[in-house]
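For the sequence shown, our numbering gives the first residue as 549, with consecutive numbering after it. Below you'll find the structure, written out as structure tokens, and then a few comments.
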Amino acid sequence: MPHYVGIDLGATNVRAAVGDETATIVARAREPTPDGPTGEAVTATVREVVRAACAEAAVDPTAVAGAGIASMGRLDVDAGTVTVPSNLGDDIDGIRLVEPVATLLDLDPESVTLRGDTQAGAIGDRFHAHPTVDDLVYLTISSGIGAGVIADGDLLRGRNSNAGEVGHQTIDADGTMTCGCGQSGHWEAYCSGNNIPRFARRLFEEGTSDTALPIDDESFTAADVFAYAGRDAFADHVIDRVTALNVLGVANVVHAYAPDVVTLSGAVVTNNPDTIVDPIRDRLPPKLVVDTPEVTVSDRGDAAVLEGALVLALPDDVRA
549 MPHYVGIDLG ATNVRAAVGD ETATIVARAR EPTPDGPTGE AVTATVREVV RAACAEAAVD
609 PTAVAGAGIA SMGRLDVDAG TVTVPSNLGD DIDGIRLVEP VATLLDLDPE SVTLRGDTQA
669 GAIGDRFHAH PTVDDLVYLT ISSGIGAGVI ADGDLLRGRN SNAGEVGHQT IDADGTMTCG
729 CGQSGHWEAY CSGNNIPRFA RRLFEEGTSD TALPIDDESF TAADVFAYAG RDAFADHVID
789 RVTALNVLGV ANVVHAYAPD VVTLSGAVVT NNPDTIVDPI RDRLPPKLVV DTPEVTVSDR
849 GDAAVLEGAL VLALPDDVRA
């Protein structure tokens with residue numbers, strides 16, 4: 549029976565899985581993603597995690613039939629690299645992936661598929677949870693915001709497989725918040741897990757005089773805002789503003805792709821489904837001039853990206 553390898557390179561962890569031709573995972577491994585000092589250090593960790601997953605599965609790495617890689621950052625799929633890593637050391641100017649993985653597994657580079665992480669998430673979610681849905685958006689709200697789109701049954705890749713950066717759509721024309729990319733007014737600048745605390749501080753500066761939230765604490769996080777939901781008027785105000793912007797962002801995505809299903813994932817969603825997802829479902833329909841999709845929480849959790857990477861490793865006729 550052939551075995552395949554899926555790899556998920558994130559800014560926090562490198563994960564690898566070994567699975568069979570049904571994309572069933574039989575072994576996993578994980579290591580923290582090194583913050584440099586070079587891209588080669590990240591590449592070395594990827595290879596180490598793949599070896600560990602193969603060892604756990606009792607599979608010789610050189611016997612693997614194919615590999616799929618899901619990665620954060622801006623990709624160059626022709627070169628098989630990450631050209632602009634996200635949230636890693638500033639000295640890392642690129643990460644080689646396809647050729648080093650192909651060499652380790654004794655594969656032709658054509659047998660190693662590199663895609664964006666949210667694109668892999670869409671593939672994994674559809675393959676395991678929505679196999680009959682031909683129009684699907686996998687939307688993750690976590691440290692950042694991004695999407696993978698299945699349109700007419702096919703993955704929407706875009707140039708260099710970089711489609712899906714929906715977190716960088718402008719939802720505030722006044723641009724009161726600056727995104728990590730340096731531009732102003734982006735969805736991610738307000739509603740991602742990393743930026744909700746910044747947005748809360750900005751709203752507090754607008755004139756709120758009383759709150760139990762630890763606004764001035766350096767350790768103040770999005771989790772603090774949601775923990776005070778229903779108990780603190782300012783926390784509720786922040787959540788209401790975040791919800792309004794999330795509805796705008798999701799509506800823009802729905803208008804762009806007209807999906808049957810929008811499946812939501814990411815830590816902000818999975819930790820706060822009632823607070824995040826239910827209001828989107830309630831407020832979305834009046835914003836739309838197209839059919840309202842089913843809005844659901846992904847039942848794959850944070851496994852969707854790794855599962856999708858494994859599906860990418862399968863032969864085309866198997867994963868179709």
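All C-beta atoms, glycine included, are put in the ideal place defined by N, C-alpha and C. Bear in mind the structure is a predicted one, so any value in this text is a computation, not a measurement.
If you draw a 10 Å sphere on the C-beta of Ala861, you find 16 or more other C-beta atoms in it, and that means buried.
Using a Cβ-Cβ distance cut-off of 8 Å, the segment 645-657 and the segment 670-678 are not in contact, since fewer than three pairs of beta carbons, one from each stretch, lie closer than that value. Fewer than three Cβ pairs drawn from the segment 619-635 and the segment 570-577 lie within less than 8 Å of each other, which leaves the two stretches out of contact. Within a 10 Å sphere around the beta-carbon of Thr666 sit 16 or more other beta-carbons, which makes this residue buried. Counting only residues of its own chain and dropping the five nearest sequence neighbours on each side, Asp808 has a CB closer than 6 Å to the CB of Val681, Asp683 and Pro841. The segment 847-854 makes contact with the segment 801-817, as at least three CB pairs between them are under 8 Å. In the DSSP annotation of this structure, the continuous segment of the alpha helix (DSSP H) that includes Arg750 starts and ends at Ile744 to Glu753.
Here Leu836 has Ala799, Val802 and His803 as same chain residues with Cβ atoms under 8 Å from its own Cβ, once five neighbours each way along the sequence are excluded. By the Cβ criterion, the segment 690-707 is in contact with the segment 737-757, since at least three pairs of Cβ atoms, one from each stretch, lie closer than 8 Å.
Judged by DSSP secondary structure, Ala799 falls within the alpha helix (DSSP H) whose first and last residues are Ala781 to Tyr805. Uninterrupted beta strand (DSSP E) stretches at least 3 residues long and entirely within the segment 664-689 occur at 684-689, given in chain order.
Taking the Cβ atoms as the reference, Gly567 lies roughly 7 Å from Gly554, within the contact range of under 8 Å.
Residue pairing by DSSP places Glu842 opposite Val809 in a beta bridge. The segment 587-599 and the segment 639-651 touch, with three or more beta-carbon pairs separated by less than 8 Å. Distance between Thr572 and Val594, taken at the CA atoms: about 21 Å.
Ala783 is classed as buried because its beta carbon has at least 16 other beta carbons within 10 Å across all chains shown.
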